[in-house]
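Engineer: Here this note's numbering is used: the first residue of the sequence shown is 2, the next is one more, and so on.
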Amino acid sequence: MVGHGSGSFGHSAAPPHGTMGGVRTAAQWRGFAEVATVARRLNQIVLDAWLEAGVPVLGVSPSASARCSDGSLEAMDHTVLETAVANGLIGVTHGDVAFDVVRGGTIVSTEAVFVYLAKRLNPDRILLAGDYPGVIDADGTVIEAIHPENRGQYAAALGGSGAVDVTGGMAAKVDTMLDLCAAQPGLRVRIFSGRQAGRINAALTDESFSEGTEIYA
């Protein structure tokens, strides 16, 4: 299964409308719809690229079924993705908007979607490919591993994203994955750079791949 963020599409569209914090007015609901549209637009670009490469992918947008409570993803239909994988397809999901019983509407990050799905699909590992070579320490070096015992010593280094990121940046990613690893014994997460050609393929196929930062509990 693959998930991608909204990049400059969703993260640029959401802040002017305050979508993450809640959706109540007519103008905010229009913004909610705009954010959903640009998220799907990027998702279609990703799907088209996969299909052109001969990869059998099926896009599943969280907004079709996701329900939140005060920003926390509480429910989402995971059976479509589960069935897709069972039939040899690669399910592709993404960060998206969602209805929220407290806020009206909000945004769910790709990581939040992964956490929800992981608790139901039980993966052995999660790979987070991004712009950075891993989690960067204050002195500019890549942190080899983060786990509950050493998380505190990297608090200063775990700042926000270098670009606009309405879902919390690197600190949120790390803490979300630490919580998931604690809830899923044996799960390993790796944060690494996907910008260099061949690195994602290596991460998927080479058991000795050790670039980036590993997260475990």
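Positions of the beta carbon are idealized from the N, C-alpha and C atoms, including for glycine.
Source: prediction; values computed, not measured.
Taking the beta carbon of K120 as the centre, do at least 16 other beta carbons fall within 10 Å, making it buried, or is it exposed?
Structural biologist: Under this definition K120 is an exposed residue.
Engineer: Would a C-beta distance cut-off of 8 Å place P63 and V24 closer than the cut-off?
Structural biologist: no
Engineer: Please determine, among V136, I144, L188, V116, the residue with the shortest C-alpha to C-alpha distance to S73.
Structural biologist: It is V116 whose Cα lies nearest to the Cα of S73.
Engineer: Is H148 near the ligand FAD, with its Cβ less than 7 Å from a heavy atom?
Structural biologist: For the ligand FAD, the structure offers nothing, since it holds no ligand at all.
Engineer: If you scan the stretch 107 to 171 from start to end, which runs of the beta strand (DSSP E) of 3 or more residues do you find wholly inside it?
Structural biologist: 126 to 131
Engineer: Opposite C69 in the DSSP bridges: which residues?
Structural biologist: L74, D101
Engineer: In or out: L181 buried (at least 16 other Cβ within 10 Å) or exposed?
Structural biologist: buried
Engineer: Count the other CB atoms within 10 Å of the CB of V167; is the residue buried (16 or more) or exposed (fewer)?
Structural biologist: The predicted model places V167 with a pLDDT of 48, which falls under 50 and marks its position as unreliable; any figure quoted below should be read in that light. Buried, because 16 or more other Cβ atoms sit within 10 Å of the Cβ of V167.
Engineer: Between the Cα of R41 and those of D97, G22, L82, spot the shortest distance and give me the residue it belongs to.
Structural biologist: D97
Engineer: Suppose the cutoff is 6 Å on Cβ atoms and the five residues either side in sequence are ignored; what does the same chain contact list for V81 look like?
Structural biologist: V61
Engineer: According to DSSP, is S64 helix, strand or coil?
Structural biologist: helix
Engineer: When burial is assigned at 16 or more other CB atoms within 10 Å of the CB, is V103 buried or exposed?
Structural biologist: exposed
Engineer: Inspect the CB distances between the stretch 149 to 159 and the stretch 119 to 133 and report whether three or more fall short of 8 Å.
Structural biologist: no
Engineer: Give the secondary structure of G213 by DSSP, where H, G and I count as helix, E and B as strand, and everything else as coil.
Structural biologist: In the three-state reduction of the DSSP assignment, G213 falls in the coil class.
Engineer: What are the start and end residues of the beta strand (DSSP E) that includes T94?
Structural biologist: 91 to 95
Engineer: So, with DSSP's three-state summary, where would you put V24?
Structural biologist: coil
Engineer: To the nearest whole angstrom, what separates the beta carbons of L48 and V93, a pair I think is in contact under 8 Å?
Structural biologist: 6 Å
Engineer: Taking Cβ to Cβ, would you say T20 is nearer than 8 Å to G32?
Structural biologist: Closer than 8 Å, so yes.
Engineer: State buried or exposed for S211, treating a residue as buried only when at least 16 other CB atoms are found within 10 Å of its CB.
Structural biologist: So S211 counts as exposed.
Engineer: Between the stretch 128 to 137 and the stretch 173 to 193, are three or more C-beta pairs nearer than 8 Å?
Structural biologist: Judged by Cβ distances under 8 Å, the stretch 128 to 137 makes contact with the stretch 173 to 193, as three or more pairs qualify.
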